[in-house]
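Here the structure is laid out as structure tokens; the discussion comes afterwards.
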Amino acid sequence: MADVFISYAREDQAPAERIARGLEALGLDVFWDNEIPPGQTWADYIEGKLSACKAVIVLWSAYSTRSQWVREEARMGRDKAKLIPVMIDGSPAPFGFGEVQAANLASWTGDPNSADWKRFSQAVFTAVNGAGAVAPQPAAAPVYTPPPVAAPAYTPPRPQPQAGGDVETLSPLGYIQKCFRLFVDGKGRARRAEYWWWVAFNIAVQVVAYVLDGATSGFNSYTSMPNTQFVSGAASLALLAPSLSVLSRRFHDVGLSGWLVAAVFGAYFVGGMMSAAAIPVGGILMIATGLAVLVIAVLPSKPGPNQYGPNPKGL
706 MADVFISYAR EDQAPAERIA RGLEALGLDV FWDNEIPPGQ TWADYIEGKL SACKAVIVLW
766 SAYSTRSQWV REEARMGRDK AKLIPVMIDG SPAPFGFGEV QAANLASWTG DPNSADWKRF
826 SQAVFTAVNG AGAVAPQPAA APVYTPPPVA APAYTPPRPQ PQAGGDVETL SPLGYIQKCF
886 RLFVDGKGRA RRAEYWWWVA FNIAVQVVAY VLDGATSGFN SYTSMPNTQF VSGAASLALL
946 APSLSVLSRR FHDVGLSGWL VAAVFGAYFV GGMMSAAAIP VGGILMIATG LAVLVIAVLP
1006 SKPGPNQYGP NPKGL
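To convert a position in the sequence shown, counted from 1, into the working numbering, add 705.
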């Protein structure tokens, strides 16, 4: 069981290793390598390490403050009263983490006699060994040797929610393109912006299809509907698969199973059949089903990663 867990962005590996070596020189057992053993998931493995350690050190930098994974590890450490934040390049802690006083090691180069290092290492030593414990003074300053340039060790990158960064920020057209791209894949999560831009696009397509049907076949004088609905019918079929996919991912975003979408459509279909047969409860079932989908569609994203993937809003 490691005494200390160090959370950092992969771009900050060099200062993370320097701090880890300094703490190991004090006799502390430090976990800082983010390589996950085969057969284990990132969430289970990291959560186990975080729960077992006595101090969670988070290295705040321009990179780590934008990392969802570092913020999640920092949140877990804060909630367990184990968090010891460290500034390594002067970047302030992200919103929500500023209440815990951070050590400043932005200019620390590895000297164990540095005043900033002594204050920080004593705080870590006390967190691990209890109040009154005094960190030993190393006989000589540990010399940090950077990894060889010719053959650097390969460290697998931490999984990222998407190539563009931690927070999904797409244009309306980008969200629509994403829905078409994932039209047969209900995996992952869809934030409210993605779902409602797709709904708006769907409505616009149906209006255009309705007008085209009327222009080509005329409108029924009694129902005001087009005499034929070839265009609108084809549009509905073309948009059905991406609509089901984005609704399934919207369910995932609030922590619900995407298979509930099938149950919703089944209930709506049964309600429609009952209404056609003049059974009053059919209309009630259709309205209740529609309201349930509407409520789920407007719910905010469930904070943090869940079993369906990371939060697309980066929270």
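Every residue, glycine too, gets a C-beta built ideally from N, C-alpha and C.
Enumerate in chain order the residues of its own chain whose CB-to-CB distance from residue i is below 6 Å, with the five nearest sequence positions on each side excluded.
| i | result |
| --- | --- |
| P866 | Legend: pLDDT at P866 = 47, less than 50; position of this residue unreliable, value from coordinates given subsequently. Contacts found: P1015. |
| S980 | G987 and G988 |
| E899 | Y880 |
| G870 | For G870, the predicted structure reports a pLDDT of 42, less than 50, and the residue's modelled location is therefore unreliable. A value from the coordinates is still provided. Taken in chain order, the list of residues that qualify is empty. |
Does the distance from the C-beta atom of residue i to that of residue j stay below 8 Å?
| i | j | result |
| --- | --- | --- |
| A707 | V735 | yes |
| V959 | I1001 | yes |
| R954 | G893 | yes |
| A807 | V791 | yes |
| A719 | W737 | no |
| D794 | S819 | no |
| T770 | S812 | no |
| L728 | S876 | no |
| P841 | L731 | yes |
| G815 | R723 | yes |
| A967 | A940 | no |
| L733 | V829 | yes |
| V998 | V975 | no |
Under 7 Å Cβ to Cβ from residue i, same chain only, skipping five residues before and after it: list those, please.
| i | result |
| --- | --- |
| G835 | none |
| L755 | F710, V761, E778, M781 and G782 |
| S962 | F956 |
| D918 | P931, T933, Q934, F935, V936 and S937 |
| N925 | N932 |
| A714 | S766, Y768, S769, S772 and V775 |
| F888 | A946, P947 and S950 |
| E716 | Y768 |
| P799 | T770 and R776 |
Give me the DSSP bridge partner(s) of residue i.
| i | result |
| --- | --- |
| W765 | M792 |
| N809 | M792 |
| I908 | According to DSSP, I908 bridges with nothing at all. |
| V735 | V709 |
| F830 | None, per the DSSP bridge assignment. |
| F924 | P931 |
| N1011 | G1014 |
| A981 | Looking at the DSSP assignment, A981 forms no beta bridge with any residue, so it has no partner. |
| A721 | Per DSSP, none; premise fails for A721. |
| A968 | Bridge partners of A968: none, in fact. |
| A760 | V709 |
Determine, for residue i, whether the minimum Cβ-Cβ distance to residues of chain B falls below 8 Å.
| i | result |
| --- | --- |
| V951 | Annotation note: the requested chain B is absent from the structure, which comprises a single protein chain. |
Keeping to the same chain, check which residues put their C-beta closer than 8 Å to that of residue i; ignore five residues upstream and five downstream.
| i | result |
| --- | --- |
| W903 | Y880, I881, C884, P947, S948 and V951 |
| Y973 | L990, M991, T994 and G995 |
| G923 | P931 and N932 |
| R824 | A808 |
| R886 | none |
| K785 | L755, S756 and V761 |
| A868 | Note that A868 scores a pLDDT of 40, beneath 50, so its modelled location is shaky; the value from the coordinates is reported in the next line. Around A868: no qualifying Cβ. |
| V679 | The chain is shown from 706 up to 1020; residue 679 falls before or after that span and cannot be answered. |
Is it true that the stretch 980-992 meets the stretch 942-951, where meeting means three or more beta-carbon pairs spaced less than 8 Å apart?
no
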